[in-house]
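Numbering (this note's numbering), first residue to last: 10 to 173. Glycine included, C-beta positions come from ideal geometry on N, C-alpha and C. What follows is a single structure, written as structure tokens, with notes after it.
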Amino acid sequence: MAKEIERKFLVLDERWREAVIRKTAMRQAYIVSMEDRSLRVRILDGIAARLTIKIGRSAMTRDEFEYDIPLEDAEEMLGNAIGIVLDKTRHEVEHQGYVWEVDAYHGAYNGLVVAEVELDSERQNPPLPDWLGPEVTGDGRYSNQSLATEDLRGEMGLPLPNAS
Numbered sequence: 010m011a012k013e014i015e016r017k018f019l020v021l022d023e024r025w026r027e028a029v030i031r032k033t034a035m036r037q038a039y040i041v042s043m044e045d046r047s048l049r050v051r052i053l054d055g056i057a058a059r060l061t062i063k064i065g066r067s068a069m070t071r072d073e074f075e076y077d078i079p080l081e082d083a084e085e086m087l088g089n090a091i092g093i094v095l096d097k098t099r100h101e102v103e104h105q106g107y108v109w110e111v112d113a114y115h116g117a118y119n120g121l122v123v124a125e126v127e128l129d130s131e132r133q134n135p136p137l138p139d140w141l142g143p144e145v146t147g148d149g150r151y152s153n154q155s156l157a158t159e160d161l162r163g164e165m166g167l168p169l170p171n172a173s
């Protein structure tokens, strides 16, 4: 069983872009969303797809299972998703022996930038880049699951769609 252990932060500025080693365009959505578990579908660079099951209530650690699936199945699942389909570019950034994943959101959450680092244990204390802002580990508003299933744009100061 795979464990996902991560810390998450808001990003202060664009200095992280200088250290990007790889980037991936992602579209993702949730097929099932419950308080302690979720089923997510993700399309990577428009050419590959993955289904992810996450289980657990901890702010930092959850069980995670990932499976490659046919792209056509993923496209169909996105059409049946709950809430908002998230569009983002994930940038991998190296910093003092750690790889940070910086997600720059487009579409509904355009302007939101969040960085996370995966750890081997909750006791691990990675050196923090100076471009990080406040830590939001455990703040449910910044989980992809919440961003997709609850419209949090107004709460985050992002533009809301026109109510026409």
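What is the rounded straight-line gap between the Cα of residue i and the Cα of residue j?
| i | j | result |
| --- | --- | --- |
| residue 83 | residue 143 | 34 Å |
| residue 163 | residue 115 | 15 Å |
| residue 106 | residue 128 | 12 Å |
| residue 27 | residue 100 | 11 Å |
| residue 112 | residue 81 | 25 Å |
| residue 175 | residue 110 | Within the shown structure, residues of the chain are numbered from 10 to 173, placing residue 175 beyond reach of any answer. |
| residue 54 | residue 33 | 6 Å |
| residue 122 | residue 69 | 19 Å |
| residue 12 | residue 19 | 23 Å |
| residue 165 | residue 62 | 27 Å |
| residue 72 | residue 65 | 6 Å |
Near residue i, which residues of its chain fall below 7 Å by C-beta distance, leaving aside the five closest residues on each side in sequence?
| i | result |
| --- | --- |
| residue 154 | 39, 42 and 47 |
What did DSSP end up calling residue i once you bin it into helix, strand or coil?
| i | result |
| --- | --- |
| residue 24 | helix |
| residue 127 | strand |
| residue 165 | coil |
| residue 173 | Note that residue 173 scores 43 on pLDDT, short of 50, meaning its location in the model is unreliable; the coordinates nonetheless yield the value given after this. Here residue 173 sits in coil by DSSP. |
| residue 46 | strand |
| residue 83 | helix |
| residue 113 | strand |
Cβ-heavy atom distance between residue i and the ligand PLP below 7 Å?
| i | result |
| --- | --- |
| residue 45 | In terms of ligand content, the structure shown is empty, and the ligand PLP therefore cannot be addressed. |
Answer with buried or exposed for residue i, where buried requires no fewer than 16 other C-beta atoms within 10 angstroms of its C-beta.
| i | result |
| --- | --- |
| residue 133 | exposed |
| residue 108 | exposed |
| residue 79 | exposed |
| residue 151 | buried |
Which residues in the same chain as residue i place their Cβ atom closer than 6 Å to its Cβ, once the five residues preceding and following it in sequence are excluded?
| i | result |
| --- | --- |
| residue 16 | 126 and 146 |
| residue 29 | 100 and 102 |
Skipping 5 residues on each side, what residues in its chain have a beta carbon closer than 8 Å to that of residue i?
| i | result |
| --- | --- |
| residue 95 | 35, 36, 37, 38, 114, 116, 117, 118, 153, 156 and 157 |
Problem - Ordered list of beta strand (DSSP E) runs contained in the region 48-80, each at least 3 residues - result: Here the runs fully enclosed are 57-64 and 70-78.
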